[in-house]
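Novice: In my numbering, the protein residues as written are 194 to 270.
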C-alpha cells in the first residue's frame with residue numbers, strides 16, 4: 194500500500210489565490226484585493242521558503258523561532 198498524503202500537504206498543493214470581480218468594481222481595487230489575498234494566504238512566504246533546500250532540522254529550528262516571535266508579539270498585546 195502506498196503512503197497516504199497528509200491533509201496538510203494536500204491543502205498546500207492546491208493553493209491558488211483568486212478573487213471574483215464585484216459588480217461595477219474598478220480594476221485597481223480588484224488588483225488590490227488580489228494582492229491582499231495572496232499576502233494573507235502565505236503563498237509568497239512559502240515560495241521564499243522553498244527557494245533553497247532546507248534540512249528537516251533547519252525547518253524545525255525556523256519554525257521554533259517563528260513560534261517564539263509569535264508568542265512574544267502576542268504577549269505584548
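Quick reminder that beta carbons are idealized off the backbone N, C-alpha and C, glycines included. Please read all numbers here as calculations on a predicted model, not as lab measurements.
Might you give, ordered along the chain, the residues of its own chain that have their beta carbon closer than 6 Å to the beta carbon of residue 227, omitting 5 neighbours on each side?
Specialist: As a position in the chain shown, residue 227 is number 34, starting the count at 1. The residues are 212.
Novice: Rounded to a whole number of angstroms, what is the C-alpha to C-alpha distance between residue 242 and residue 264?
Specialist: On the chain shown, position 49 is the one that residue 242 refers to. On the chain shown, position 71 is the one that residue 264 refers to. Whole-angstrom Cα-Cα distance: 21 Å.
Novice: Between which two residues does the alpha helix (DSSP H) holding residue 212 run?
Specialist: Residue mapping note: residue 212 aligns to position 19 of the chain shown, counting from 1. Neither: residue 212 is in no alpha helix (DSSP H) and is coded neither H nor E.
Novice: Give me the Cα-Cα distance between residue 247 and residue 218, rounded to the nearest whole angstrom.
Specialist: Numbered from 1 along the chain shown, position 54 holds the residue referred to as residue 247. Numbered from 1 along the chain shown, position 25 holds the residue referred to as residue 218. Their Cα atoms are separated by approximately 42 Å.
Novice: Between the alpha carbons of residue 232 and residue 223, how many angstroms are there, rounded?
Specialist: As a first step, residue 232 must be located in the chain shown, where it is residue number 39. As a first step, residue 223 must be located in the chain shown, where it is residue number 30. Taking the straight line from one Cα to the other gives about 14 Å.
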